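Before any comments, here is the structure.
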Amino acid sequence: PKSKAMFRMRPDIKNFYIERGVAYTEDREVVRQLTISGSRRFLKYQLLKYFSIFGKVEKLHWKKKKRSGSVLFYEATHAAKALYCTKHTIDGHDLYLQASTSWHPTPVEESGTLSAYDLPITDDIWWKVLDYLSLNERLNFAASCERFQAIYELDSHRINHVLNMKDVCTLTHRVIKRLMLLSGKHIHCVTGGPLHPNWPYLTEFVQLLGVSCPNLTELSFFKISVSLAHMTHLFDGANGLINITNISLRRCNLKDAHIYCLQMLSKLKSLDIRENFSIKGDSLKSLPISLEILNVSGCVDLSPKCLIQLAALSHLRELRCPGIVKFAKDNELYGRLAHYCPMLEVLELTDFMNVIQLGGLSRLHTLVIHSSAQLDYHVNNVLLTSIAESYSLRHLEILDSFGPMSDTSFDLSIFSQLKELRTLILHNQNFTTLHLMGLQKLSTLEFLDLSGSPNLSNEVVAKLTKSLSGLRRLKVDFCPLITRQLTKILEGNPKLQVDF
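Here the working numbering = 1-based position in the sequence shown + 48.
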């Protein structure tokens with residue numbers, strides 16, 4: 049019924065507290081103005097007569113047809129008297145009161161006080177003051193008077209270029225509105241997480257981002273539980289973030305339904321949805337064609353066959369997908385990636401088969417291979433040969449997180465075909481002197497990381513680095529045979545930095 053729609057407030061939920069006879073908002077602002085909602089169309093003189101019981105009324109606004117309005121008392125103590133009970137009865141009909149939710153400050157008498165414009169302090173000094181204030185304090189500073197608001201707005205483009213969620217978590221709904229009004233157009237990046245567990249305004253915050261932040265291009269959340277409604281407000285609604293280019297939603301409890309909300313983002317370049325364990329991958333086909341970088345690392349429930357749905361992403365140049373448990377033993381998968389994503393320049397994956405096929409990825413310059421905990425993984429000649437087919441490689445990492453493997457048998461000289469290789473990272477392998485001498489022909493190599501090699505000694509390192517004239521950095525962490533003496537041995541090569 050229409051009459052029920054007029055009840056706008058719940059008397060059991062208060063937006064104020066009373067202390068020593070004065071009411072305060074959650075922002076600790078003194079309350080003189082109250083919001084009114086009635087169950088009948090009271091006459092204005094009835095309300096004025098009633099509120100005069102509590103003290104002198106300065107202004108009364110009443111919209112009879114909407115049964116709502118506001119009352120402004122001369123004294124805060126008079127407003128507090130009215131608020132001691134939020135439900136009132138006039139001639140047998142209910143009337144509800146709350147502190148005014150308008151975030152515009154209540155008019156304050158300033159007769160006999162000094163204006164901020166009269167203070168003998170230049171704006172430069174106030175800008176220095178802003179640097180020492182938190183986000184919440186800066187916004188309260190701006191709300192205190194016209195001059196301070198003008199000072200805040202002039203400096204907002206600098207101090208609010210990047211907005212951190214740990215600061216946003218200190219704001220109330222009222223102050224969030226003030227932030228968006230004064231600084232929304234200056235915000236280019238929102239980052240951070242997780243949220244404070246007792247902060248209840250995430251929905252209100254994301255609702256305002258799209259309509260208030262036209263220049264926002266980067267959103268990065270970590271461990272923030274994002275609902276489907278949040279995603280709709282952010283990206284899929286009429287006021288969504290249409291200019292966004294970079295999105296990172298790591299560990300945000302996303303499912304495929306969330307990903308569908310991104311399909312209209314025609315300017316999206318980079319998407320990082322790492323470690324969202326419920327994504328199966330059906331939604332990948334809906335990603336905008338503009339996407340260039342995709343990271344689905346650790347999405348353990350994602351089916352590798354769904355990666356083929358990336359075929360529509362003709363501009364995709366970086367794909368990171370290690371830690372996909374279901375990475376099936378599909379011999380054709382790499383060939384399909386090469387066929388459907390020929391523009392790939394960066395590829396990171398977990399190799400479950402001890403063999404990958406990359407010959408079709410002619411533009412590939414960075415390859416990162418993670419070992420599988422499920423297999424007795426080790427470097428072998430078949431693997432090295434398949435890698436060497438990517439002649440354009442400049443950066444190669446073969447990572448093993450499960451300790452040194454035994455019975456290693458391979459020929460690193462196969463890498464001599466990689467004429468462009470600048471960085472080589474080989475972790476936790478049982479290298480011998482014979483193995484490492486296979487790297488001698490990598491004349492373009494600048495960074496070599498052999499960390500975790502149990503048989504690597506000072507003498508082997510000295511012999512290898514002597515032949516690698518272009519090497520500028522060597523990393524040999526967690527190699528038990530490497531000693532401090534290595535620094536003295538290599539002192540004849542001052543251009544080489546050694547980390548151990």
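Here a beta-carbon is modelled for each residue, glycine too, at the ideal position from N, C-alpha and C. Since we're looking at a predicted model, the values are computed, not measured.
Whose C-alpha, out of the options, is nearest the C-alpha of residue i?
| i | options | result |
| --- | --- | --- |
| L187 | Y180, Q197 and D179 | Q197 |
| F535 | S505, L516 and S515 | First, the amino acid is wrong: residue 535 is Thr here, not Phe. When only C-alpha atoms are compared, the closest one is S505. |
| S334 | Q311, I321, K303 and V78 | Q311 |
| L466 | M485, K489 and V79 | K489 |
| T251 | I307, L183 and I272 | I272 |
| L392 | H278, L415 and F495 | L415 |
| L385 | I66, C354 and H413 | C354 |
| L297 | L516, V105 and M279 | M279 |
| R322 | N287, A359, L397 and I446 | L397 |
| D139 | K97, N324, L131 and R520 | K97 |
| V216 | Y200, A277 and S182 | S182 |
| D304 | I292, F325, R532 and I417 | F325 |
| K523 | L544, E507 and N503 | L544 |
| N291 | H306, L313, Y132 and H281 | L313 |
| I235 | H205, A191 and L219 | H205 |
| A360 | G371, Y388, G69 and F495 | Y388 |
| H418 | L289, C369 and S515 | C369 |
| F64 | L145, P502 and R520 | L145 |
| F463 | L493, N478 and G329 | L493 |
| M485 | F495, V394 and L516 | L516 |
| L219 | I207, T239, G232 and W247 | W247 |
| A147 | H141, Y132 and T137 | Y132 |
| L267 | I295, P502 and Y439 | I295 |
Do you know offhand how far residue i's Cα is from residue j's?
| i | j | result |
| --- | --- | --- |
| S118 | P352 | 60 Å |
| R76 | L95 | 27 Å |
| I337 | Q357 | 12 Å |
| F548 | I530 | 8 Å |
| R89 | K113 | 7 Å |
| V210 | H221 | 20 Å |
| S87 | W110 | 13 Å |
| I293 | F269 | The question names Ile, but residue 293 is Thr in the sequence shown. Going by the C-alpha atoms only, they are around 14 Å apart. |
| L120 | E67 | 19 Å |
| L460 | A510 | 18 Å |
| N287 | Q255 | 8 Å |
| H443 | S499 | 16 Å |
| K135 | L243 | 35 Å |
| Y2 | M228 | For residue 2 there is no data in the structure shown, the boundaries of the chain being 49 and 548. |
| N476 | D448 | 6 Å |
| H281 | T481 | 59 Å |
| E185 | Y200 | 11 Å |
| C300 | V274 | 6 Å |
| D525 | E74 | 53 Å |
| N429 | R532 | 33 Å |
| W175 | K225 | 22 Å |
| V546 | L538 | 9 Å |
| G512 | V348 | Reading the sequence as shown, one finds Leu at residue 512 and not Gly. Going from the Cα of L512 to the Cα of V348 covers about 40 Å. |
| I372 | D497 | 26 Å |
If you reduce the DSSP assignment to three classes, tell me which class residue i lands in.
| i | result |
| --- | --- |
| K353 | helix |
| A286 | coil |
| P153 | A caution first: P153 carries a pLDDT of 48, below 50, which makes its placement in the model too unreliable to give a value. |
| T220 | coil |
| W110 | strand |
| L131 | helix |
| Q465 | helix |
| C309 | helix |
| Y65 | strand |
| K303 | coil |
| Q197 | helix |
| F269 | strand |
| Y180 | coil |
| N503 | coil |
| Q488 | coil |
| S318 | strand |
| V79 | coil |
| Q477 | coil |
| G117 | strand |
| L431 | helix |
| F325 | coil |
Any beta carbon from chain D within less than 8 Å of residue i's own beta carbon?
| i | result |
| --- | --- |
| L409 | No chain D is part of this structure, which consists of one protein chain only. |
Quiz item: Three or more beta-carbon pairs under 8 Å between the segment 244-264 and the segment 317-330, yes or no?
Solution: no
Exercise. Take every Cβ of the segment 360-367, pair it with every Cβ of the segment 329-347, and state whether three or more of those distances are shorter than 8 Å.
Key: yes
Quiz item: If you scan the segment 241-269 from start to end, which runs of the alpha helix (DSSP H) of 4 or more residues do you find wholly inside it?
Solution: 250-260
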